[in-house]
Amino acid sequence: MAARERGYTVCRNGGYSKGPTIRGTETTVTIPIACPRGAKAVALFHTHPNGNPLPSSQDMKTVRRLGIPYVCVKAGSRTRCYRARGR
């Protein structure tokens, strides 16, 4: 069975917390914006089982549309975070 993407929301309210980890398909994962009351979503974190640590254009469009400042991608042993710029 092929690896599937997994992801969660990173939240901040003084400290950092994470929302529930969601399991997606081989190429996509739909991550709910699930932060505790008073916390703000500061990043979407997800895996890329294909080994590419770069966010897709859809990843960047999503965080920009939602006003989330960062998207973080883990591919293999590499995790990288990217700042979403513009709208």
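Just so you know, we're using UniProt numbering here: the sequence shown kicks off at 1 and counts up by one.
All residues carry an ideal CB built from backbone N, CA and C; glycine is no exception.
Quick caveat: nothing in here was measured; it's all calculated off a predicted structure.
| request: Can you give me the start and stop residues for the alpha helix (DSSP H) that T62 sits inside? | output: Indexing the sequence shown from 1 puts residue 62 at position 62. Start and end: 57 to 66.
| request: Pick out the complete beta strand (DSSP E) segments inside the region 3 to 76, 3 residues or longer, and give them in chain order. | output: Here the runs fully enclosed are 6 to 13, 15 to 18, 40 to 47, 70 to 75.
| said: Once DSSP output is grouped into helix, strand and coil, what is the label at R87? | reply: Taking the sequence shown and counting its residues from 1, one reaches residue 87 at position 87. Any answer about R87 is weak, because its pLDDT of 49 lies below 50 and its placement is not dependable; what the coordinates show is given next. The answer is coil: DSSP assigns R87 none of H, G, I, E or B.
| message | Suppose contacts are defined by Cβ-Cβ distances below 8 Å. Is A41 in contact with T9 by that definition? | response | Here residue 41 is taken as the residue at index 41 of the sequence shown, counted from 1. Here residue 9 is taken as the residue at index 9 of the sequence shown, counted from 1. Taking 8 Å as the Cβ cut-off, A41 and T9 qualify as a contacting pair.
| message | What does the Cβ neighbour count give for I31, buried or exposed, with the cut at 16 atoms within 10 Å? | response | Counting from 1 along the sequence shown, the entry for residue 31 is found at position 31. Buried, by the Cβ-count rule.
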